[in-house]
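Participant:
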Amino acid sequence: MTASDRTRELALAAAQAAADKKAQDIVIIDVADQLVITDAFLIASAPNERQVLAIVDAIEEQLLNLPEKAKPVRREGERAGRWVLLDYVDLVVHVQHTEEREFYSLDRLWKDCPTIPFVDRDLVPAAPAAATGDEASPAE
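Residues -10 to 129 in this note's numbering are what the sequence shown lists, from first letter to last.
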């Protein structure tokens, strides 16, 4: 069994919110076949505590603004700002300081699980004008 559509929706929205706050190394891991307590992990990192907290706030805000709102059932690690965990039941978000990410290496721990593809919308090249049909008419 893989992550549900709702979990994917939450994970992709959270990933984009993290990307908008310049999170690094964003990865979504589908752990549904390995764990019964959750379907997916979102892991992102930042170089300082202030940015970790900004990313966490952006993720929470984004998921609260979805048509079907999502609010974490638990939030851990906010005081230190080195590794904050947001538990949405089907999705667990880990926002880590870069040093914690390297030390704990959750990516390596779950390397055998499939990932859910995520591409930051700001990194997708804009479609050429001809492809969108918005060509400017030639001047006479």
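Even for Gly, the Cβ is constructed at its ideal location relative to N, Cα and C. Owing to the predicted nature of the structure, the values given are computational and were not obtained by experimental measurement.
Quick check on residue 4: does DSSP put it in helix, strand or coil?
Facilitator: Locating residue 4 in the sequence shown gives position 15, counting from the first residue. Three-state DSSP puts residue 4 in a helix.
Participant: If the criterion is Cβ atoms closer than 8 Å, does the pair residue 7 and residue 44 meet it?
Facilitator: As a working mapping, residue 7 is identified with position 18 in the sequence shown. As a working mapping, residue 44 is identified with position 55 in the sequence shown. Contact flag set, yes.
Participant: Where residue 125 and residue 47 are concerned, what is the direct C-alpha to C-alpha distance, given to the nearest angstrom?
Facilitator: Here residue 125 is taken as the residue at index 136 of the sequence shown, counted from 1. Here residue 47 is taken as the residue at index 58 of the sequence shown, counted from 1. In this prediction, residue 125 has a pLDDT of 49, which is less than 50 and means its spatial position is unreliable; nothing more can be read from the coordinates.
Participant: Report the residue from 52, 56, 75 whose alpha carbon sits nearest the alpha carbon of residue 63.
Facilitator: Residue mapping note: residue 63 aligns to position 74 of the sequence shown, counting from 1. Of 52, 56, 75, the residue nearest in Cα terms is 75.
Participant: When you compare only the Cα positions, how much space is there between residue 27 and residue 90?
Facilitator: By 1-based counting over the sequence shown, the position of residue 27 is 38. By 1-based counting over the sequence shown, the position of residue 90 is 101. Cα to Cα, residue 27 sits roughly 20 Å from residue 90.
Participant: If you follow the beta strand (DSSP E) that residue 131 is in, where does it begin and where does it stop?
Facilitator: Outside the displayed range of the chain (-10 to 129) lies residue 131, so it cannot be described from this structure.
Participant: Under 8 Å, do residue 29 and residue 15 count as touching if we go by C-beta distance?
Facilitator: For the purposes of this step, residue 29 is taken as the residue at position 40 of the sequence shown. For the purposes of this step, residue 15 is taken as the residue at position 26 of the sequence shown. For residue 29 and residue 15, no; Cβs fall outside 8 Å.
Participant: Just the Cα atoms here: how many angstroms apart are residue 40 and residue -3?
Facilitator: Counting from 1 along the sequence shown, the entry for residue 40 is found at position 51. Counting from 1 along the sequence shown, the entry for residue -3 is found at position 8. Roughly 24 Å separates the two Cα atoms.
Participant: Let me confirm a value: residue 19 is counted as buried when at least 16 other C-beta atoms fall within 10 Å, else exposed. Which label applies?
Facilitator: Position 30 of the sequence shown holds residue 19. Buried: at least 16 other Cβ atoms inside 10 Å.
Participant: May I have the straight-line CA-CA distance separating residue 98 from residue 36, to the nearest angstrom?
Facilitator: Here residue 98 refers to the residue found at position 109 when the sequence shown is read from its first residue. Here residue 36 refers to the residue found at position 47 when the sequence shown is read from its first residue. About 21 Å.
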